[in-house]
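Residue numbers (full-length UniProt numbering): 1 to 342.
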Amino acid sequence: MFKVVNLKKSFNGKEVIKNIDLTIEHGRFISLLGPSGCGKTTLLRLIAGLEQPDQGRIVNGDDVFYSDKDNIFKTPSKREIGMVFQDFALWPHMTVFQNVAYPLKVRKDTNNMKERVMQALSEVQLADYHDLPIHQLSGGQQQRVSLARAIISQYKLILMDEPLSALDAGLREDMRLLIQRLVKNYHMTAIFVTHDQYEAMTMSDEIAVMRNGKIVQFGSPESLYHHPKNKEVATFIGKGTFVEGQVRNNVFTSTSGIEVKSESEIADGHYGLLVRPELVHISEHGLDAKILTKSFTGERYQYTAQVKDNEMMFYDDKAYQIGDNVKLTFALSQNHFISMEG
1 MFKVVNLKKS FNGKEVIKNI DLTIEHGRFI SLLGPSGCGK TTLLRLIAGL
51 EQPDQGRIVN GDDVFYSDKD NIFKTPSKRE IGMVFQDFAL WPHMTVFQNV
101 AYPLKVRKDT NNMKERVMQA LSEVQLADYH DLPIHQLSGG QQQRVSLARA
151 IISQYKLILM DEPLSALDAG LREDMRLLIQ RLVKNYHMTA IFVTHDQYEA
201 MTMSDEIAVM RNGKIVQFGS PESLYHHPKN KEVATFIGKG TFVEGQVRNN
251 VFTSTSGIEV KSESEIADGH YGLLVRPELV HISEHGLDAK ILTKSFTGER
301 YQYTAQVKDN EMMFYDDKAY QIGDNVKLTF ALSQNHFISM EG
């Protein structure tokens with residue numbers, strides 16, 4: 001297990017990491033997901049040893065990285081972790097081979113170094129580029145060099161700080177698949193920082209959604225998507241419309257006048273209703289709606305429609321036109337209602 005226990009960190013009197021607890025099973029791919037300023041990069045830097053916490057404990061298996069009670073703080077070089085940064089962090093005066101070999105030379109772990117470096121470069125499809133200077137490589141190739149350098153030591157923990165944000169869309173997709181494959185092939189535990197919920201959803205075994213220095217929900221992509229604990233998680237994970245209102249006798253009435261019946265029993269009270277696009281359907285009987293936008297995604301169309309004062313997103317195989325009037329129904333169960341009381 002990798003564990004973070006009761007971790008705290010403040011800068012200039014402002015608490016940016018607030019009593020965080022996190023347990024990760026070995027070999028899992030975890031994303032720290034949240035908006036800018038939520039504390040995800042700071043948490044990663046604390047795990048890496050680039051910053052020292054004020055309080056708490058960080059443990060990787062039997063190896064204690066940090067403990068305020070035991071007065072332990074290991075420097076990054078002693079934590080046996082691989083790291084991949086957003087800005088690549090490569091040595092510009094070195095060749096591709098020299099950059100990947102650098103961690104081995106620092107640790108004086110040079111047995112079979114040439115074979116190991118070339119194997120790592122083969123893993124990222126860069127063996128033929130080993131003798132080139134870094135500046136002759138594209139951004140995507142440089143990030144692959146960074147990834148090869150992170151896996152060369154075959155450590156069991158790899159940390160990645162938004163490694164794909166500097167790449168264009170096509171390269172990002174290729175790198176996502178490459179990172180997933182290498183992490184699993186090398187049986188690593190991966191902690192991946194991102195603000196991109198698509199990256200987190202498609203790459204992760206579990207996601208820690210962060211906000212204001214705290215982990216507000218931790219779970220699989222499926223559980224976060226279908227069972228968000230609060231409005232912040234609901235609106236940050238996946239697409240959809242969030243509306244608030246009251247439930248009386250299993251009927252939800254929003255503040256804008258939308259009325260829908262729950263398909264399962266739900267207690268009366270103040271709720272937020274999360275309407276995912278796949279739950280919205282065109283029907284002969286439903287709420288009046290006017291189509292505002294239309295996008296063809298290949299296998300279907302994606303629409304937004306005005307319903308009362310709300311814009312609802314939905315999918316359909318049929319081609320409607322902007323301005324068409326349709327009727328919408330909602331397939332909702334108890335899972336889609338989030339209590340707003342307290």
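For each residue, glycine too, the CB sits at the ideal point set by N, CA and C.
Q: Helix, strand or coil for residue 146, going by three-state DSSP, please let me know.
A: Note: residue 146 maps to helix in three-state DSSP.
(Q) At the level of alpha carbons, what is the spacing between residue 133 and residue 64? (A) If I take the Cα positions, the gap works out to 38 Å.
Q) Where residue 276 and residue 256 are concerned, what is the direct C-alpha to C-alpha distance, given to the nearest angstrom? A) In a straight line, the C-alpha of residue 276 is about 18 Å away from that of residue 256.
**Q.** Assigned secondary structure, residue 129 (DSSP; H/G/I helix, E/B strand, else coil)
**A.** Per DSSP, reduced to three states, the secondary structure at residue 129 is helical.
Q.
So, for residue 39: in the same chain, excluding its five sequence neighbours on each side, which residues have a beta-carbon less than 6 Å away from its beta-carbon?
A. Excluding the 5 residues flanking it on each side, residue 39 has same chain C-beta neighbours closer than 6 Å at 16, 17, 210 and 213, in chain order.
Q: State the DSSP-derived secondary structure class of residue 284, mapped to helix, strand or coil.
A: DSSP places residue 284 in strand when its eight states are reduced to three.
Q: Identify which residue in 199, 182, 285 and 191 has its Cα closest to the Cα of residue 167.
A: With distances taken between Cα atoms, residue 167 lies closest to 199.
Q) Buried or exposed: residue 75, going by 16 or more other Cβ atoms within 10 Å of its Cβ? A) Counting Cβ neighbours within 10 Å, residue 75 comes out exposed, since fewer than 16 surround it.
Q) Going by beta carbon distance, what residues of the same chain come within less than 7 Å of residue 21, once the five residues before and after it are set aside? A) Counting only Cβ-Cβ distances below 7 Å, and skipping sequence neighbours, we find 4, 5 and 6.
Q. In angstroms, rounded to a whole number, what distance separates the CA positions of residue 306 and residue 289?
A. Rounded to whole angstroms, residue 306 to residue 289 spans 5 Å at the Cα level.
Q) Cβ of residue 281 within 9 Å of Cβ of residue 245? A) Cβ atoms of residue 281 and residue 245: not closer than 9 Å.
Q: Determine the direct distance from the alpha carbon of residue 217 to that of residue 232, and round the result to whole angstroms.
A: Roughly 10 Å between the two C-alpha positions.
Q) Is the number of C-beta pairs between the segment 284-304 and the segment 331-339 that are closer than 8 Å three or more? A) The answer is no - the segment 331-339 does not touch the segment 284-304, with fewer than three Cβ pairs under 8 Å.
Q) By how many angstroms is the C-alpha of residue 237 removed from the C-alpha of residue 319? A) Their Cα atoms are separated by approximately 27 Å.
Q) Which whole runs of the beta strand (DSSP E) in the segment 57-141 are 3 residues long or more, in chain order? A) Within the segment 57-141, the complete beta strand (DSSP E) runs of at least 3 residues are 63-67 and 82-84.
Q | As assigned by DSSP and simplified to three states, the class of residue 270 | A | For residue 270, the three-state secondary structure derived from DSSP is strand.
**Q.** Given residue 139 as reference, the closest of 117, 158 and 165 once Cα atoms are compared
**A.** It is 165 whose Cα lies nearest to the Cα of residue 139.
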